[in-house]
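Engineer: Chains as they are written, first to last, in our numbering: chain Z, 71 to 290; chain C, 71 to 290.
Backbone N, C-alpha and C fix where the C-beta goes; we use that ideal spot for every residue, glycine too.
Small disclaimer: the values here were computed from a predicted structure and weren't measured.
A single structure is presented below for examination.
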DNA sequence: TTAATATTCAATCGATCACTTGAATACTAA
DNA sequence: TTAGTATTCAAGTGATCGATTGAATATTAA
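Spelled out as structure tokens, the structure:
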């Protein structure tokens, strides 16, 4: 059949690469890493047409990165597994290390990344178990319900000001969101500090937390 | 300047994805992970024309995955860093887990992967330090010289039969090559066993060994 | 300076890609 | 069955990609 199995494997892996070669699809993957979504939901969230979204999803499916589940009229897509999150993280590390453009944007818009003293995942787990911090999930409720850090409180970042009383005043707050390129936890920390609370960011979002094998609760 | 930094980052990461969307470039990356190479060397090793090879290399360079070093008439390219190897490993894990085609090929041609009882890297490091195994690098001498497992013996797989006497008879041999999709160490183990030696494979190649932070010797 | 060599550039062609548009399919509820 | 909705399919367009070819550039040696 084949003379060179290595090249066959590379051909298949190149299809995975092709799936990762579109900014739109990267955004889909970030969203699907939070929770499963129907085609229309994804299209609405990203501002694309349904037909175009469907086509992108099929490319991702053919590459093995997402799987679909049909339920009645709807088809719900989700990431194939945590390995996909790990792969995206590895791509991010390459980008931040070697792509000048990525470094530039991160320095410009995520400058607070270091200033805000991000909390490593395992450190947060320990301190949360000891009751030393309040864990705050600032994503939309649907994504919170699909999986969140055990014990976390869900207040979407846009509701934060009016619902800030729900947070204990003295304990430090650690906020997290969708991932390293999601601005919601940055905004949240700024708002919390402005109100006089001690607040920091989790170093990454929930998908990376889950991919690291840390505990995740669902529902709520 | 920009309204959505996330999309800008994804746009840059998509360029990395584009660089990974060609089987030819995947092969270049595997070779450059072993040792730096000139354009012509790479072209010869992969059977492409020099002009085509040069164009591919520039795509890889624009994506930040490789860097070039000019020396006289030659330009030597190499991987930008170990993060690139980690990223390729993450892609391989996704492929093996979720792409049926990859799984099929691996089962078909690398079926011995489990039968040959691959040795984990850290286990090899320990056993080599205790002098319990002979470490055998079956790659071409140029790649061996650019970096190898400390204490390894270099016998290219094609010379193995006639140089087999160079190996201690009683000690188990652990062979390694370029990486998980390189057949050389599989061949080597088969040849060694046919000659009555105890032989196994290292689970991965030298690039993964180096990326894991394990010690590497050069020269020789 | 001249000749030789390694690499890159530029122009070209066929194939694929992203996106749009409009129709077809699959499923649900009345 | 019929109407309504979510998704997919199919065709078309402009853009990009991979590879080829031939010329241009940069460096070295005579």
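(1) Taking all protein chains shown into account, do 16 or more other C-beta atoms lie within 10 angstroms of the C-beta of residue 289 (chain C), making it buried, or fewer, making it exposed?
(2) Can you look up residue 122 (chain Z) in the DSSP assignment and give me helix, strand or coil?
(3) Entirely within the region 191 to 226 of chain Z and at least 3 residues each: give me those beta strand (DSSP E) ranges in chain order.
(4) If you count every other CB in all the chains shown that lies within 10 Å of the CB of residue 204 (chain Z), and 16 or more means buried, which is it?
(5) Can you tell me whether residue 162 (chain Z) is helix, strand or coil according to DSSP?
(6) If you draw a straight line from the C-alpha of residue 99 (chain C) to the C-alpha of residue 169 (chain Z), how long is it?
(7) Let me know if residue 24 (chain C) comes out buried or exposed under the rule of 16 or more other beta-carbons within 10 Å of its beta-carbon.
(8) Does residue 123 (chain C) have its Cβ less than 8 Å from a Cβ in chain Z?
(9) With DSSP run on the structure shown, which of helix, strand or coil describes residue 71 (chain Z)?
(10) What is the rounded straight-line gap between the Cα of residue 71 (chain C) and the Cα of residue 179 (chain Z)?
(11) Expressed to the nearest angstrom, what Euclidean distance is found between the alpha-carbon atoms of residue 271 (chain Z) and residue 218 (chain Z)?
(12) Rounded to a whole number of angstroms, what is the C-alpha to C-alpha distance between residue 260 (chain C) and residue 231 (chain C)?
(13) Only counting runs of 3 or more residues, tell me where the beta strand (DSSP E) segments fall wholly within the region 125 to 150 of chain Z, in order along the chain.
(14) Using 8 Å as the Cβ pair cut-off and three pairs as the minimum, do the region 190 to 201 of chain C and the region 75 to 95 of chain C touch?
(15) What's the call for residue 121 (chain C), buried or exposed, on a 16-neighbour Cβ count within 10 Å?
(16) My output table needs one value for residue 272 (chain Z): the three-state DSSP class, helix, strand or coil.
(17) With a threshold of 8 Å, are at least 3 pairs of Cβ atoms found where one atom belongs to the region 79 to 86 of chain Z and the other to the region 111 to 119 of chain Z?
(18) Any heavy atom of the ligand NAP within a distance shorter than 7 Å of the CB on residue 167 (chain Z)?
(19) Please check if any C-beta of chain C sits within less than 8 Å of the C-beta of residue 83 (chain Z).
(20) For residue 268 (chain C), I'd like the list of residues in its chain whose CB is within less than 6 Å of its CB, leaving aside the five on either flank, ordered along the chain.
(21) In chain Z, what lies closer than 8 Å to residue 253 (chain C) by C-beta?
(22) Over the uninterrupted alpha helix (DSSP H) stretch that includes residue 259 (chain C), give me the two end residues.
(23) How is residue 318 (chain Z) classed by DSSP in three states: helix, strand or coil?
(24) With DSSP run on the structure shown, which of helix, strand or coil describes residue 245 (chain Z)?
(25) State the Cα-Cα distance for the pair residue 132 (chain Z) and residue 221 (chain C), rounded to the nearest angstrom.
(26) Using a cut-off of 9 Å between C-beta atoms, extract the partners of residue 163 (chain Z) located in chain C.
(27) Taking DSSP as the reference, what is the three-state secondary structure of residue 92 (chain Z)?
(28) Against chain Z, with Cβ distances strictly below 8 Å, would residue 119 (chain C) count as a contact?
(29) Under the three-state reduction of DSSP, which class applies to residue 155 (chain C): helix, strand or coil?
(30) Does residue 272 (chain Z) have its Cβ less than 8 Å from a Cβ in chain C?
Structural biologist: Answer, in terms of the structure:
(1) exposed
(2) helix
(3) 203 to 207
(4) buried
(5) helix
(6) 17 Å
(7) Nothing about residue 24 (chain C) can be reported from this structure: the residues present for chain C run from 71 to 290 only.
(8) no
(9) With a pLDDT of 38 at residue 71 (chain Z), under the threshold of 50, the modelled position of that residue is not reliable, and no figure is offered here.
(10) With a pLDDT of 38 at residue 71 (chain C), under the threshold of 50, the predicted position of this residue should be treated as unreliable, and no value is reported.
(11) 15 Å
(12) 11 Å
(13) 136 to 141 and 144 to 149
(14) no
(15) exposed
(16) strand
(17) no
(18) In terms of ligand content, the structure shown is empty, and the ligand NAP therefore cannot be addressed.
(19) yes
(20) 242
(21) 75 and 76
(22) 254 to 264
(23) The structure shown has nothing for residue 318 (chain Z), since chain Z only spans 71 to 290.
(24) strand
(25) 44 Å
(26) 153, 156 and 157
(27) coil
(28) no
(29) helix
(30) no
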